[in-house]
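> Mind looking over this structure? Questions follow.
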Amino acid sequence: MLRNLLTIKKLVAVITVAIAALTVATAVYGPMQQSNLHINSFSATSNDNSSTLYLSPGPTPAFTDNFNPFDGVWLTPAGIMGLIYEPLLQINTYNGTVIPWLATGYSWNSNATILTMYLRHGVEFSNGLPFNASDVVYTFNEQKALFGEWGVIKNITAVNPYEVNFTFTSPNTEYLFYIGSNIIVPEQLFANSTDPLKEIVTNPIGTGPYVLQSFSPQKIVLTANPNYWQKGEPKIKTVVYVEYTSNSALTLAMQSGQVQWASVFAPNITTLFVSKNPQYNHYWFPQGQPVTLLLNDMVYPLNMSFFRQAISVAINRTAIMNIGEYGYEQPANAAGLLYQQLGELNSTNLALANKLATFNLTYAKQILADHGFIINSTTGRLTAPNGTPVPTLNLMSVAGYSDWDTDIALIANELNQLGLTVNLETPTQNTVSQDVTDGQYQMALYVDTGIGPNAWYDYSGLVGPVVKASSPAYVNPERWNATGTGFMQYFHNFTALTNTTQQDVYINKMASIMLQQMPIVYVVYSADWYEYVNSTIGGWPNAQNPFWIPMPWYPGPDEVVILHLYPKSGNVASGVNPLIYDIAAVVAIVVIVAAVAAVYIRNRRIKRQ
Numbered sequence: 001m002l003r004n005l006l007t008i009k010k011l012v013a014v015i016t017v018a019i020a021a022l023t024v025a026t027a028v029y030g031p032m033q034q035s036n037l038h039i040n041s042f043s044a045t046s047n048d049n050s051s052t053l054y055l056s057p058g059p060t061p062a063f064t065d066n067f068n069p070f071d072g073v074w075l076t077p078a079g080i081m082g083l084i085y086e087p088l089l090q091i092n093t094y095n096g097t098v099i100p101w102l103a104t105g106y107s108w109n110s111n112a113t114i115l116t117m118y119l120r121h122g123v124e125f126s127n128g129l130p131f132n133a134s135d136v137v138y139t140f141n142e143q144k145a146l147f148g149e150w151g152v153i154k155n156i157t158a159v160n161p162y163e164v165n166f167t168f169t170s171p172n173t174e175y176l177f178y179i180g181s182n183i184i185v186p187e188q189l190f191a192n193s194t195d196p197l198k199e200i201v202t203n204p205i206g207t208g209p210y211v212l213q214s215f216s217p218q219k220i221v222l223t224a225n226p227n228y229w230q231k232g233e234p235k236i237k238t239v240v241y242v243e244y245t246s247n248s249a250l251t252l253a254m255q256s257g258q259v260q261w262a263s264v265f266a267p268n269i270t271t272l273f274v275s276k277n278p279q280y281n282h283y284w285f286p287q288g289q290p291v292t293l294l295l296n297d298m299v300y301p302l303n304m305s306f307f308r309q310a311i312s313v314a315i316n317r318t319a320i321m322n323i324g325e326y327g328y329e330q331p332a333n334a335a336g337l338l339y340q341q342l343g344e345l346n347s348t349n350l351a352l353a354n355k356l357a358t359f360n361l362t363y364a365k366q367i368l369a370d371h372g373f374i375i376n377s378t379t380g381r382l383t384a385p386n387g388t389p390v391p392t393l394n395l396m397s398v399a400g401y402s403d404w405d406t407d408i409a410l411i412a413n414e415l416n417q418l419g420l421t422v423n424l425e426t427p428t429q430n431t432v433s434q435d436v437t438d439g440q441y442q443m444a445l446y447v448d449t450g451i452g453p454n455a456w457y458d459y460s461g462l463v464g465p466v467v468k469a470s471s472p473a474y475v476n477p478e479r480w481n482a483t484g485t486g487f488m489q490y491f492h493n494f495t496a497l498t499n500t501t502q503q504d505v506y507i508n509k510m511a512s513i514m515l516q517q518m519p520i521v522y523v524v525y526s527a528d529w530y531e532y533v534n535s536t537i538g539g540w541p542n543a544q545n546p547f548w549i550p551m552p553w554y555p556g557p558d559e560v561v562i563l564h565l566y567p568k569s570g571n572v573a574s575g576v577n578p579l580i581y582d583i584a585a586v587v588a589i590v591v592i593v594a595a596v597a598a599v600y601i602r603n604r605r606i607k608r609q
């Protein structure tokens, strides 16, 4: 009996020690693990369920409480507009894929002068009113009146409540992309406005999957639209846009899990982001539009094509790629075509495009000397044929874009070797956009080229009416006057072509003129910065599953991406504290020890009997 009592006491002691260990673990390991969750899991600190998505479109100034889709310079994040307002078609500019959206389909007449859009039935705006043809007609007529950008469209008419005809002044098959991807505005929102462009919209109404819940200059919260026409969507019920003013601040937020989807440049993305949590932190940088040195072609000496050519040759794109862009962005060709479209150039144009994009300071000086511009041996300044120094040129990029800050410093240094004095400026994104639109700039690092299924779209952002320097230009911000070059003839006639061989001929005609005129200077192909954290949310596009354009600042594509996303369950990062598993393990040990003790005592009792 005494031995049994001693045995029981030993077992009780074991259990007591186990419980004590559990208590210590709870007191010490628990807070430590909570701290680890704060570092590695966003939802454990900022979000109690995995149906909330926190994202940042990239470094931005404070958000502006205006969701006016007619405003040419969106001061709210551009991507957010595509979650509230929707287009007729979703079009993937990477590969030309078309997804019917507010329109279920479209057709052209025999001579490609009438485009018919067939609208989806049963769609409601977020306020419950029905979507129909009147909203489509209003949207395009209003934009045509405001901007003149639909000048190729003769008229827009509603055939019936769910069918709209776009009649063109000439064949225009390439305009399907622009019409299809244009967001549609509810007529009721602006019907009584005398100037829709200046309207302040703080309560946006759209057909999109989300509605505005709250706004602050640092955070915009969207919640699921209960009237959304895609039943069961969106699966992510809350979307929060968070404002960060610099790449470094946003990178830190990604590291700590405060943002799950972002578009941010980081010098070493693997070290700064992926390595912090390799299981969940990922990135994909697909190749995008060219980053350009946008030149104001109305300003001396940038108003001379040979001068613009010399600037192009004086820029060391390889250095910009390696130093400013850390090898992420490849040098662009001087013709302005996307890398995957260079095969459309003939050998003559391809050779010239490479020559004018290859760093050669001697050749740049020779181009200028051939036109009487030489470097003064005493002052080191570039002088005009009449002996006067070329004036100082201002070059700006967006504040907080650390890679672009380095890029413009490199460009300024290279142009200094050409005898030019360059003053660097880094205003806010709003200021840069507004100054470029208003023509109040000389040089700017900018992305303004078009992008689409073929090279015609590459040039689409560069052509348009030339406006006065003091007037806003929403297209052709470089204010290039293509009159007399023949470019616009090829550009307009291209839209009537369906044969790819004929299209290649016209593309080379346009490229040849572009190389001679050099209205802007192409620097590098932009990397489409895209990072994501898939600990609590799945369904992301990546290099293995590139189903759509992945950047959160892109108005249309971000909707397609978000509607692919879904909350993940059963993972640590969704808010389940790993301490629970430790507690369960210790409890299991206690139960096992108790069971063994019971069996041991029972066997001893039987043996004595």
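Residues 1 to 609 in the UniProt record's numbering are what the sequence shown spells out, letter by letter.
Just so you know, even glycine gets a beta-carbon here, dropped at the ideal spot from N, CA and C.
Values in this document were obtained by computation on a predicted structure and should not be read as measured data.
#1: Can you find the residues in the same chain that come closer than 6 angstroms, C-beta to C-beta, to G464, ignoring five residues on each side of it along the sequence?
#2: Would DSSP call K231 helix, strand or coil?
#3: State the Cα-Cα distance for the pair A482 and S50, rounded to the nearest angstrom.
#4: Along the alpha helix (DSSP H) that carries A369, what are the first and last residues, could you check?
#5: Exposed or buried, which one is N333 when buried takes at least 16 other CB atoms within 10 Å?
#6: Which residues in the same chain as I520 place their Cβ atom closer than 6 angstroms to its Cβ, once the five residues preceding and following it in sequence are excluded?
#7: Is V137 helix, strand or coil by DSSP?
#8: Would you mind sorting S181 into buried or exposed? The rule is 16 or more other CB atoms within 10 Å of its CB.
#9: Might you give, ordered along the chain, the residues of its own chain that have their beta carbon closer than 7 angstroms to the beta carbon of S512, omitting 5 neighbours on each side?
#10: Suppose the cutoff is 8 angstroms on Cβ atoms and the five residues either side in sequence are ignored; what does the same chain contact list for T428 look like?
#11: Could you compute how far the alpha carbon of P552 sits from the alpha carbon of T378?
#12: Considering only the alpha carbon of each residue, which of A335, V436 and D65 lies closest to T358?
#13: Per the contact definition of three or more C-beta pairs closer than 8 angstroms, is the stretch 271-290 in contact with the stretch 561-570?
#14: Measuring CB atoms only, is the stretch 503-518 touching the stretch 187-203, in the sense that at least three cross pairs come out at less than 8 angstroms?
#15: Distance check for V136 and N160, CA to CA, integer angstroms please.
#16: Can you tell me where the beta strand (DSSP E) with residue 675 in it begins and where it stops?
#17: Please report the residue range of the alpha helix (DSSP H) in which S460 lies.
#18: So is A253 buried or exposed if we call it buried at 16+ other beta carbons inside 10 Å?
#19: Closest to T173 by C-alpha separation, out of N454, I367, G484 and N542, would be which residue?
#20: Between T52 and the rest of its own chain, which residues show a CB-CB distance below 6 angstroms, the 5 nearest in sequence each way excluded?
#21: Check whether the Cβ of F285 sits closer than 7 angstroms to any heavy atom of the ligand FMN, and report yes or no.
#22: Would you kindly report the start and end of the unbroken alpha helix (DSSP H) that includes E414?
#23: Can you tell me which of the three DSSP states S347 falls into?
#24: Taking T223 as the reference, give the member of F125, G122 and V211 with the closest Cα.
#25: Three or more C-beta pairs closer than 8 angstroms, one from the stretch 485-492 and one from the stretch 538-558: is that the case here?
#26: What did DSSP end up calling T483 once you bin it into helix, strand or coil?
#27: Buried or exposed: where does A353 fall if 16 or more other Cβ atoms within 10 Å of its Cβ makes it buried?
#28: Only counting runs of 3 or more residues, tell me where the beta strand (DSSP E) segments fall wholly within the stretch 47-85, in order along the chain.
#29: Excluding the 5 residues flanking V98 on each side, which residues of the same chain have their C-beta closer than 6 angstroms to its C-beta?
#30: Out of L424, I367 and Q143, which has the shortest C-alpha to C-alpha gap to R308?
#31: Could you name the residues that DSSP lists as bridge partners for Q90?
#32: Terminal residues of the continuous alpha helix (DSSP H) containing E559?
#33: Please state whether DSSP places Y106 in a helix, a strand or coil.
#34: Counting pairs of beta carbons, one from the stretch 379-387 and one from the stretch 428-440, are three or more of them closer than 8 angstroms?
#35: Would you mind reading off the limits of the beta strand (DSSP E) that contains K219?
#36: For E425, which residues does DSSP report across the bridge?
To lay it out plainly:
#1: Take G464, set aside five residues on each side of it, and the residues of its chain with a beta-carbon closer than 6 angstroms to its own are V475 and N476, in chain order.
#2: Coil at K231, not helix or strand.
#3: Their Cα atoms are separated by approximately 53 angstroms.
#4: Under the DSSP assignment, A369 falls in the alpha helix (DSSP H) whose first and last residues are L361 to A369.
#5: Buried is the call here.
#6: Counting only Cβ-Cβ distances below 6 angstroms, and skipping sequence neighbours, we find T292, L294, L295 and E478.
#7: Of the three classes helix, strand and coil, the one that applies to V137 here is helix, per DSSP.
#8: With 16 or more neighbouring CB atoms inside 10 Å of its own CB, S181 falls in the buried class.
#9: Result list for S512: N349, in chain order.
#10: The residues are P61, V398 and A399.
#11: So the alpha carbons of these two residues sit roughly 51 angstroms apart.
#12: Cα-wise, what sits closest to T358 is A335.
#13: No: fewer than three Cβ pairs fall under 8 angstroms.
#14: Contact between the stretch 503-518 and the stretch 187-203 is absent, because fewer than three Cβ pairs lie under 8 angstroms.
#15: Taking the straight line joining both Cα atoms gives about 12 angstroms.
#16: This structure leaves residue 675 out entirely; the chain is present only between 1 and 609.
#17: First-last of the alpha helix (DSSP H) with S460: A455 to S460.
#18: Classification of A253: buried, given that the 10 Å Cβ count is 16 or more.
#19: Ranking N454, I367, G484 and N542 by Cα distance to T173 puts N454 first.
#20: Contacts found: T238.
#21: With respect to small molecules bound, the structure shown includes none, and the ligand FMN cannot be examined in it.
#22: Run containing E414: S402 to N416, per the alpha helix (DSSP H) assignment.
#23: S347 falls in the helix class under three-state DSSP.
#24: When F125, G122 and V211 are compared, the shortest CA-CA separation from T223 is found for V211.
#25: No, because fewer than three Cβ pairs between the stretch 485-492 and the stretch 538-558 fall closer than 8 angstroms, the two stretches do not touch.
#26: In the structure shown, T483 sits in coil (DSSP, three-state: anything other than H, G, I, E or B).
#27: Its Cβ being crowded by 16 or more others within 10 Å, A353 is buried.
#28: Runs of the beta strand (DSSP E) inside the stretch 47-85: 52-56.
#29: The residues are L89 and I91.
#30: Closest in C-alpha terms to R308, from the list L424, I367 and Q143, comes I367.
#31: In the DSSP assignment, Q90 is bridged to I99.
#32: Counting along the chain, E559 sits inside the alpha helix (DSSP H) bounded by residues P557 to H564.
#33: Strand at Y106.
#34: Counting Cβ pairs under 8 angstroms, fewer than three are found: no touch.
#35: Looking at the DSSP string, the run of the beta strand (DSSP E) that includes K219 is K219 to A224.
#36: For E425, which the question treats as bridged, DSSP gives the partners M396.
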